[in-house]
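Asks:
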Amino acid sequence: MRLKILGAPLTDHAPPPFDLVAQLGEQGLVEPGARFETLYGGRTNQVWKVQGGHCDSVLKLYRTTLRNPLFGNDAGHEAACLRALQSTGFVPNLRATGAFEGDRWVLYDHAPGAPWRQGADKVGRLLRKLHGVPAEVSVPPGCNGSADLARHGARILAGCQSDRRDALAAMQPQSTVAPSSKTCLVHGDPVPGNILEDETGLTLIDWQCPVMGDPCEDLAMFLSPAMQHLYRSEPLSTDEEAAFLVAYDDADTVDRYQMLKPWYAWRMAAYCLWRAENGSPDYLTGLELELAAL
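The sequence shown begins at 6 in this note's numbering and counts up by one.
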């Protein structure tokens with residue numbers, strides 16, 4: 006395989022711009038002498054833990070230099086979701102949002118805990134709770150049904166250039182699954198790095214790519230072998246996947262996910278190829294895992 010790597014890795018661990026810190030200080034959002042600790046979990050935006058004052062916070066500076074074909078990246082959507090879900094107890098409290106030199110930022114309370122590692126049943130219950138919230142949030146529509154997933158996967162592959170693109174396009178599933186009438190607020194990226202756990206429970210962070218759509222999108226993203234490998238170093242076991250689906254406790258949605266599973270694996274394989282071509286060769290292992298699932 007000839008794989009052309011385009012651009013630089015999407016992570017950037019530079020300190021926050023001085024002028025942005027000054028702006029936050031003028032608004033009374035950070036105290037003089039606050040310390041900024043780079044958080045390394047994000048793969049797109051610049052994120053810092055702000056230490057100082059009565060409560061630590063998280064500052065996220067959005068970057069839009071590279072358009073991502075699978076995950077949206079909108080500060081306004083994140084702020085809207087945090088406001089709408091504030092009373093649920095499973096999202097951090099939003100403090101403020103604003104603009105800096107053409108980019109957007111959000112500031113929210115730092116959520117305690119460490120990235121989720123085990124206990125898939127707990128995540129199943131968390132996502133079922135999210136999907137049952139009657140949130141009124143203005144976010145884009147998500148993929149719903151096999152025709153949408155076919156078009157989305159094809160758009161991702163259209164941005165690829167390596168020899169594997171055509172072979173992967175030929176592996177597109179042929180099953181037909183109609184759109185669902187059951188739509189809800191979907192997080193869009195519930196990977197282990199975006200689920201924090203402490204003794205009080207789970208907190209769902211990084212709401213930059215929510216959609217109104219099929220809840221199966223969130224199930225597929227959490228269960229994705231590629232995403233589990235990237236964030237947890239290994240895919241979920243068969244028992245862990247089963248525990249997650251049982252805990253989600255919605256037979257109709259689980260049955261629908263099983264019908265759509267090949268489509269999600271195919272689209273994720275296309276995304277892994279795109280990421281590998283755009284400066285993240287660690288996605289090549291994820292590509293092979295998704296092909297195995299497909």
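Just so you know, even glycine gets a beta-carbon here, dropped at the ideal spot from N, CA and C. Since the model is a prediction, treat every value here as computed from it, not as a measurement.
In chain order, which continuous runs of the beta strand (DSSP E) of length 3 or greater are located wholly inside the segment 55–81?
Replies: Those beta strand (DSSP E) runs which fall completely within the segment 55–81 and span 3+ residues are 62–66.
Asks: Comparing C-alpha positions only, which one of Gly57, Pro37, Leu66 sits nearest to Ala19?
Replies: Out of Gly57, Pro37, Leu66, Leu66 has the C-alpha closest to the C-alpha of Ala19.
Asks: Tell me the DSSP secondary structure of Leu99 in three-state form.
Replies: Looking at Leu99 - three-state DSSP - the assignment turns out to be strand.
Asks: Does the contact criterion of 3 or more C-beta pairs under 8 Å hold for the segment 136–148 versus the segment 86–99?
Replies: The segment 136–148 is in contact with the segment 86–99.
Asks: Per DSSP, what kind of secondary structure is Leu154 in: helix, strand or coil?
Replies: It is helical.
Asks: If you pair each beta-carbon of the segment 194–210 with each one of the segment 101–109, do three or more pairs fall below 8 Å?
Replies: These segments do not touch.
Asks: May I ask you to list the residues that DSSP assigns as paired with Asp114?
Replies: Answer by DSSP bridge pairing, in chain order: Ser62.
Asks: Is the segment 200–215 in contact with the segment 165–182, if contact means three or more CB pairs nearer than 8 Å?
Replies: Segments in contact, no.
Asks: Taking the straight line between their C-alpha atoms, what separation do you get for Leu250 and Arg100?
Replies: Roughly 34 Å separates the two Cα atoms.
Asks: At what residues does the beta strand (DSSP E) containing Met217 begin and finish?
Replies: Element bounds for Met217: 216–218.
Asks: Leaving out five residues before and five after Ala281 in sequence, what residues of the same chain have Cβ atoms less than 7 Å from its Cβ?
Replies: Cβ within range, chain order: Leu8, Tyr288, Leu289, Leu292.
Asks: I think Tyr276 touches Ala225, with their Cβ atoms under 8 Å apart; what is that distance to the nearest whole Å?
Replies: No, Tyr276 and Ala225 are not in contact; Cβ-Cβ is about 12 Å, not under 8 Å.
Asks: In whole angstroms, what is the alpha-carbon distance linking His234 and Leu241?
Replies: For His234 and Leu241, the distance between alpha carbons rounds to 9 Å.
Asks: Determine, using beta carbons only, whether Val55 and Phe41 come nearer to each other than 8 Å.
Replies: Yes, the pair counts as a contact, with Cβ atoms nearer than the cut-off.
Asks: Rounded to the nearest angstrom, how far is the Cβ of Leu132 from that of Pro195, given a contact under 8 Å?
Replies: Confirmed, about 6 Å.
Asks: So for Leu15, helix, strand or coil by DSSP?
Replies: Bear in mind that the predicted position of Leu15 carries a pLDDT of just 38, short of 50, making it too unreliable to give a figure here.
Asks: Write down the C-beta distance between Pro267 and Ser180 rounded to the nearest angstrom, noting that I regard them as a contact closer than 8 Å.
Replies: Right, their Cβ atoms sit about 7 Å apart.
Asks: When you compare the CB positions of Leu162 and Arg156, do they come within less than 8 Å of one another, or not?
Replies: Taking 8 Å as the Cβ cut-off, Leu162 and Arg156 do not qualify as a contacting pair.
Asks: Using the rule of at least 16 other Cβ atoms within 10 Å of the residue's Cβ for burial, across every protein chain shown, is Ala119 buried or exposed?
Replies: It is exposed - the Cβ of Ala119 has fewer than 16 other Cβ atoms within 10 Å.
Asks: Per DSSP, which residues does Ala119 bridge with? Please list them.
Replies: Answer is Glu202, bridged to Ala119.
Asks: Tell me, which residues are paired with Cys189 by DSSP?
Replies: Cys189 is bridged to Gly218.
Asks: Taking 7 Å as the limit between beta carbons, can you name the residues of its chain near Ala116, skipping five residues before and five after?
Replies: Answer for Ala116: Pro97, Leu201, Thr208, Ile210, listed in chain order.
Asks: Given that a residue counts as buried once 16 or more other Cβ atoms are within 10 Å of its Cβ, and exposed if not, what is Cys60?
Replies: When all chains shown are included, Cys60 counts as exposed.
Asks: Within 10 Å of its beta-carbon, does Glu295 have 16 or more other beta-carbons around it, so buried, or fewer, so exposed?
Replies: Flag for Glu295 reads buried.
Asks: What does the alpha-carbon distance come out to for the pair Asp254 and Pro21?
Replies: Using only the alpha carbons, I get a separation of about 43 Å.
Asks: Restricting to Cα atoms, I'd like to know which of His192, Ala183, Gly81, Trp53 is closest to Val128.
Replies: Taking only the C-alpha atoms, the option nearest Val128 is His192.
Asks: At the level of alpha carbons, what is the spacing between Asp126 and Met217?
Replies: For Asp126 and Met217, the distance between alpha carbons rounds to 24 Å.
Asks: According to the Cβ coordinates, are Gly158 and Trp279 closer than 8 Å?
Replies: For Gly158 and Trp279, no; Cβs fall outside 8 Å.
Asks: Judging by CA-CA distance, which residue of Asn50, Tyr269, Asp219, Gln166 is the nearest neighbour of Met308?
Replies: Since the first residue of the chain shown is 6 and the last is 299, residue 308 is not available in this structure.
Asks: Measure the CB-CB distance between Leu265 and Ser151 and report whether it falls below 8 Å.
Replies: Contact: yes.
Asks: Apart from the five residues just before and just after Ala85, which ones in its own chain have a Cβ nearer than 6 Å to its Cβ?
Replies: Result list for Ala85: Val142, in chain order.
Asks: Let me make sure I understand the geometry here. Which of Leu228, Tyr236, Leu190 has the alpha-carbon closest to that of Ala248?
Replies: Of the listed residues, the one whose Cα sits closest to Ala248 is Leu228.
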